[in-house]
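J.:
There are 2 protein chains.
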Amino acid sequence: MTLIQEKVKQATELLREFGVDCWITFTRESEICGDPTLVFLAPGHVTWHSAFIVGADGRTRAIVGLYDKKGVEETGAYDTVVGYVTGIKEPLLEYLKEINPRTIAINYSKTSEICDGLTHGMYLTLYEFLSEAGMADRLFSAEKIVSALRERKSAAEIGWMKEAVRATEEIFAYVGRFIAPGRTESEIAAFILGEAERRKLPTAWGPATCPAVFTGPDTAQAHYSPTGRVVEPGHVLNMDFGVKVEGYCSDMQRTFYVLKPGETAAPEDVMKGFRTIVRAVEESKKAMKPGVTGFEIDAVARSIIVGAGYAEFPHALGHQVGRYAHDGTALLGPKWEKYAKKPFQKFEEGMVFTIEPRLTVPGRGVVTIEEMVVVSRDGAEWLGRPQKDIFLVK
Amino acid sequence: MTLIQEKVKQATELLREFGVDCWITFTRESEICGDPTLVFLAPGHVTWHSAFIVGADGRTRAIVGLYDKKGVEETGAYDTVVGYVTGIKEPLLEYLKEINPRTIAINYSKTSEICDGLTHGMYLTLYEFLSEAGMADRLFSAEKIVSALRERKSAAEIGWMKEAVRATEEIFAYVGRFIAPGRTESEIAAFILGEAERRKLPTAWGPATCPAVFTGPDTAQAHYSPTGRVVEPGHVLNMDFGVKVEGYCSDMQRTFYVLKPGETAAPEDVMKGFRTIVRAVEESKKAMKPGVTGFEIDAVARSIIVGAGYAEFPHALGHQVGRYAHDGTALLGPKWEKYAKKPFQKFEEGMVFTIEPRLTVPGRGVVTIEEMVVVSRDGAEWLGRPQKDIFLVK
């Protein structure tokens, strides 16, 4: 079964589970401003107004512009694919009147960007169509369906992510031998990108900050391109990197210490920071299992960091990973406005999270580790081999 | 001046021209479902809720998550960049109360996908915020502003597009020598992609259909990946391809005829079709100038095709090109539902359009040419050298 066939089938089951009659993904010119859900429903981009309609009764239909018909048909995921020439309104309303769903879920959400692929203009269009058919009051947010579709990962999806993690760990091992005093952040980033290219693996997010490399104190700390800053003995250096395998991402961070002449280990202030991070990651993972919520796990790490005398990190402890480095709805985050309801969503089996606390060692740099775990039946499992020792650079 | 500085300045002027006080681009996690306008406002993707606020009085402010602050600040395009930690609501409302705009344009549109970057969930969030401030009734569509910002192209933007056209023409010339009976569509596409890679030019749209190559009768005709179909003598072969230079696209089609043994020219049925297409392209271009509307131009080509005895093409005559192969709002299209108001928008200087009529020669294949033109002060100019002769393959 292909990914699209698998996901369309899963969607039917989710509709039944959540008691929803019908789910419509409504999009156009998806290369410009496409719904992130489309990748589970169509083999590529669509050009004109397109509707992918899944019913709890198992009936499925796609209505697309004529030239997009053949590609969608060949997915084998839909009972019928309609290709129209002048406009979608007539074939869409005709079908909706035929199936007459009591509830119609559509892809918008205030609180989850991954479930918010319907643009406001497209919402207005659909609302106008359905008003004519007397169905506008049946529309509501598909957040639960889209979240579960992305979050409950199949064995195949987990397998691709494990491969992405393995490749990332391998590249971290290589770059450890490349880093040296005198090298710049940009040179280190170029080396990493070269290793990814050699493996023909795309980066997990935009190459301007994938990898991100920060050496020493006083860097931008995160979300910033590598600079000409030079690695010096005594620096703590961290990097954030990931690749995609079959469209599925890894997202990982590692911390290095650059030895000074005569040193054979990192000094105690660095090691205290590193041990604190390792402990925060481990304890967070131990507390994860189905039914737990993200703010509880975020608090585990946050209190370890603060308890050890460091400032708390100004971001969530971790996020889900999938086809995007930041994927899914449930989040290992504090109860901050910008995270909305995400930290309150209960964990489910198959969710893949990062755990990525950070702290600053004054005068040295930022210590941070980002691991990936999958929620299992009664706990959480590493997707790779977690960093337990600081990587030493001679 | 960088592109972002140029566009933010242009936006201020557009606000004055259209009598709008304030324009807000409101987006989050732009790698997942980003506003296509963001590329003119920020140096890369943003992670958390972000607001880019331009005023008719020339004041500009960006409010972004803390880690996105530095990059946005370095554009030099904003008076102030605010970086928040817990949520955008407070700094956003504080600033809006300070500037107290009478009208606030935001990026949604039923009729223009390129102006429809605001998701419905983000609209609801902004509406809720502004309701608290008593400003929700000041929101309206920024379609005019965003359209003009994309459509009135600067000399720099036109220059990049001309370079993209030149590279595409060069690649068409090379591939003409590669095409031969026995080669497959996929092999021809791979050759074209190799030429683009060799020039380090990204394709103008997704590589699954860029290039698209169709040889002979009974193909999918458009929007479909190259197949294992083999070039045969007597085939009409067409291809659709484009590249990007500095983020700006070309989008062009060319038609080839594969000679049969003993032939030195294409047969009359093919030549009649080819001449009809050339004439349709030329007459359409001649009729273009500022103030004219797209449906008038579409009708010129459509009537030439139909008048010569062919079925009318099931799509618009042409679209604008810019940072996407399909860009802008005004369209050379018929008055069909799916094109909404686009065919009625008046042309302005600086708009770049494709002209791409097509017709089928029974038993041979599809004849189609796609040229690019820019609307000038009193007419339209080719961006490259239009195809006047059918390309013959021996």
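Residue numbers (my numbering), protein chains in the order written: chain A, 144 to 537; chain B, 144 to 537.
Built from N, CA and C at the ideal position, the CB exists for glycine as well.
Keep in mind the model is a prediction, meaning the values are calculated, not measured.
Under 8 angstroms between C-beta atoms, does Lys481(A) make it to chain B?
T.: Answer yes: the Cβ-Cβ gap between Lys481(A) and chain B drops below 8 angstroms somewhere.
J.: Applying a beta-carbon distance threshold of less than 8 angstroms, which residues of chain B neighbour Leu267(A)?
T.: Simply Tyr251 and Lys253.
J.: Kindly say whether Pro457(A), judged by its beta-carbon, lies nearer than 8 angstroms to any beta-carbon of chain B.
T.: Taking Cβ atoms only, chain B reaches closer than 8 angstroms to Pro457(A), which makes this a yes.
J.: Note down the Cα distance separating Leu181(A) from Arg320(A), rounded to an integer number of angstroms.
T.: C-alpha separation (whole angstroms): 41 angstroms.
J.: I'd like the list of long-range same chain contacts for Thr327(A), defined as Cβ closer than 6 angstroms, with 5 residues on each side in sequence excluded.
T.: For Thr327(A), where only same-chain residues beyond five positions count, the Cβ hits under 6 angstroms are Gly371 and Val373.
J.: Roughly how many angstroms lie between the CA atoms of Thr407(A) and Glu340(A), to the nearest whole one?
T.: So the alpha carbons of these two residues sit roughly 34 angstroms apart.
J.: Measure how close the beta-carbons of Gly476(A) and Gly437(A) come, nearest whole angstrom, since I'm counting them as under 8 angstroms.
T.: Correct: roughly 6 angstroms between the Cβ atoms.
J.: Between the segment 223-236 of chain B and chain A, which residues of the former have a C-beta closer than 9 angstroms to a C-beta of the latter?
T.: Going along the segment 223-236 of chain B in chain order, one finds Tyr227, Val228, Thr229, Gly230, Ile231, Lys232 and Glu233 with a Cβ nearer than 9 angstroms to chain A.
J.: So which residues of chain B does Ile440(A) contact, with C-beta pairs closer than 7 angstroms?
T.: Here the premise fails: no neighbours, minimum Cβ distance about 19 angstroms.
J.: Using only alpha-carbon positions, find the residue among Gly198(B), Thr170(B), Leu146(B) and Thr168(B) that is nearest to Thr155(B).
T.: Of Gly198(B), Thr170(B), Leu146(B) and Thr168(B), the residue nearest in Cα terms is Gly198(B).
J.: Can you list the residues of chain A that Gly465(B) reaches, using a CB-CB cut of under 9 angstroms?
T.: Here the premise fails: no neighbours, minimum Cβ distance about 10 angstroms.
J.: Flag Lys387(A) as yes if its beta-carbon sits less than 8 angstroms from any beta-carbon of chain B, otherwise no.
T.: It does not; no Cβ of chain B falls within 8 angstroms.
J.: DSSP on Cys353(A), reduced to helix/strand/coil?
T.: Cys353(A) falls in the coil class under three-state DSSP.
J.: Note down, one range per segment and in chain order, each beta strand (DSSP E) of at least 3 residues found wholly within the segment 382-457 of chain A.
T.: Correct list: 395-401.
J.: Cβ of Ile448(B) within 8 angstroms of Cβ of Glu439(B)?
T.: It is not a contact, given that the beta carbons lie outside the stated cut-off.
J.: Give me the Cβ distance between Pro186(B) and Val215(B), rounded to the nearest whole Å; I'm assuming they're in contact under 8 angstroms.
T.: Yes, they are in contact, since the Cβ atoms of Pro186(B) and Val215(B) sit about 7 angstroms apart, within 8 angstroms.
J.: Where does Gln463(B) fall in DSSP's three states?
T.: In the structure shown, Gln463(B) sits in a strand (DSSP, three-state: E or B).
J.: Is it right to say Val228(B) is buried, meaning 16 or more other beta carbons lie within 10 angstroms of its own, or is it exposed?
T.: Exposed, because fewer than 16 other Cβ atoms sit within 10 Å of the Cβ of Val228(B).
J.: Helix or strand or just coil, what does DSSP make of Gly359(A)?
T.: Three-state result, Gly359(A): coil.
J.: Assign Trp303(A) to one of three DSSP states: helix, strand, or coil.
T.: Trp303(A) falls in the helix class under three-state DSSP.
J.: Please decide whether Gly522(A) counts as near chain B, where near means a Cβ-Cβ distance under 8 angstroms.
T.: No, its Cβ sits nowhere closer than 8 angstroms to a Cβ of chain B.
J.: Can you check whether the C-beta of Asp383(A) is within less than 8 angstroms of a C-beta belonging to chain B?
T.: Chain B, which has no Cβ nearer than 8 angstroms to the Cβ of Asp383(A), makes this no.
J.: Just verifying my parser: in three-state terms, what is the DSSP assignment at Thr327(A)?
T.: Three-state DSSP puts Thr327(A) in a strand.
J.: Bridge partners for Gly208(B) per DSSP, in chain order?
T.: Tyr227(B).
J.: Considering Ile242(A), what are the terminal residues of the alpha helix (DSSP H) in which it resides?
T.: Looking at the DSSP string, the run of the alpha helix (DSSP H) that includes Ile242(A) is Lys232 to Ile242.
J.: So, does the CB of Pro538(A) fall closer than 8 angstroms to a CB anywhere in chain B?
T.: Past the boundaries of the shown model lies residue 538(A); chain A is included only from 144 to 537, so the question cannot be answered.
J.: Output yes if chain E places a C-beta closer than 8 angstroms to the C-beta of Arg171(B); else output no.
T.: The structure shown contains no chain E; its protein chains are A and B.
J.: Run through DSSP, which three-state label would Leu474(A) get?
T.: In the structure shown, Leu474(A) sits in a strand (DSSP, three-state: E or B).
J.: Lys428(A): which of Asn243(A), Met515(A) and Ser297(A) sits nearest, CA to CA?
T.: Answer by Cα proximity: Met515(A).
J.: Of all the residues that make up the segment 173-184 of chain A, which are near chain B by a beta-carbon distance shorter than 8 angstroms?
T.: So the list reads Glu174, Ile175, Cys176, Gly177, Asp178 and Pro179, given in the order they occur along the chain.
J.: Let's see if you can read the secondary structure: which residues bound the alpha helix (DSSP H) around Leu535(A)?
T.: Here Leu535(A) belongs to no alpha helix (DSSP H); instead the beta strand (DSSP E) covers Phe534 to Val536.
J.: So which residues on chain A does Thr436(B) lean against when the C-beta distance must stay under 7 angstroms?
T.: What Thr436(B) touches in chain A: nothing, since even the nearest Cβ is about 18 angstroms away.
J.: Would you say Tyr482(B) and Cys392(B) are within 8 angstroms of each other, going by their C-beta atoms?
T.: No, the pair does not count as a contact, with Cβ atoms beyond the cut-off.
J.: Bridge partners for Val379(A) per DSSP, in chain order?
T.: Val379(A) is bridged to Tyr400(A).
J.: Could you tell me which residues DSSP puts in a beta bridge with Arg539(B)?
T.: Given that chain B is displayed from residue 144 to residue 537, the structure contains no residue 539(B) and the question cannot be resolved.
J.: Using 10 angstroms around the beta-carbon of Asp412(B), count the other beta-carbons present and answer buried if the total reaches 16, otherwise exposed.
T.: So Asp412(B) ends up on the exposed side.
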